[in-house]
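Structure record follows, encoded as structure tokens.
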Amino acid sequence: MVFTVSLFGSIIFIVNMFLPPPINYMFVAPQAVLLALSGLFIKNVGATYAGAIGGLLTALGSPGLGIFTFIATTLFGALIDTTIFALKIKGSPKGVNRNRLITAIAISTMLIGMITYSASVMSPTIFEQTGIPTLPLIIQRSYILDAMVIFMGPVTGATAGYAAAYLWNKYLKSLALTP
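To get our numbering, take the position in the sequence shown, counting from 1, and add 2.
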């Protein structure tokens, strides 16, 4: 299963490298699907591992925002692992509860969207106070962007959760490790 998590992390890297930041953060659904499947394959830490691998590879390919990308992708995996654990979702040969997985991924995607958006909006203020030069890709805060992040995070997450549940129940449940 380490191979599977590494493969999913590598695919996250490929998706992130074809789209430049910050545009790649708007297309988070493929990443959420892969992290959800990783969380189902390896209990408690699968999504975190896949996120760390994908974040590390992306950080090496994009050194300007590398640390931000690594932290965000790893945190996204940890959020998915946490919500999967909290909602008691089990990836078993019988299948996965679709509604719980949709809820878990929707919550995780909304949270990571709010965290990364807030970090990119707040960082100029923090950098100015500490004397660190600001990054060139800082986003200006607006109510429209706030609403989009709050609305699109759960919508994208629900879509990714549905896709992950469908893939698991249709094709991958026979590959599940039994406890």
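Heads up, the beta-carbon is just placed ideally off N, CA and C, and yes, glycines get one too. Keep in mind it's a predicted model, so treat the numbers as computed, not measured.
Q: Give a yes or no on whether the C-beta atoms belonging to Gly53 and Trp170 are separated by under 8 Å.
A: no
**Q.** Gly11 classed as buried or exposed, judged by whether at least 16 other C-beta atoms fall within 10 angstroms
**A.** buried
Q. Gly1 by DSSP, collapsed to three states: which one?
A. Outside the modelled stretch of the chain, which goes from 3 to 181, sits residue 1, for which no answer is possible.
Q | Sub-8 Å separation of Ala167 and Ile104 beta-carbons | A | yes
Q) Going by C-alpha distance, which of Met3, Ile44, Leu58 is nearest Phe15? A) Leu58
Q) Any chance the region 3 to 10 sits against the region 28 to 40, with 3 or more Cβ pairs inside 8 Å? A) Touching, yes.
Q) Hey, quick one: how far does the alpha helix (DSSP H) through Met3 stretch, first residue to last? A) Careful: Met3 lies outside any alpha helix (DSSP H) and carries neither H nor E.
**Q.** Bridge-paired residues (DSSP) for Gly97
**A.** Ser94
Q. Would Ile55 be called buried (16 or more neighbouring beta carbons within 10 Å of its own) or exposed?
A. buried
Q: Express the C-alpha separation of Ala106 and Val30 in angstroms, rounding to a whole number.
A: 15 Å
Q | Distance between beta carbons of Pro65 and Lys175, contact taken as under 8 Å | A | Their Cβ separation, rounded to whole angstroms, is 40 Å, which puts Lys175 and Pro65 out of contact at 8 Å.
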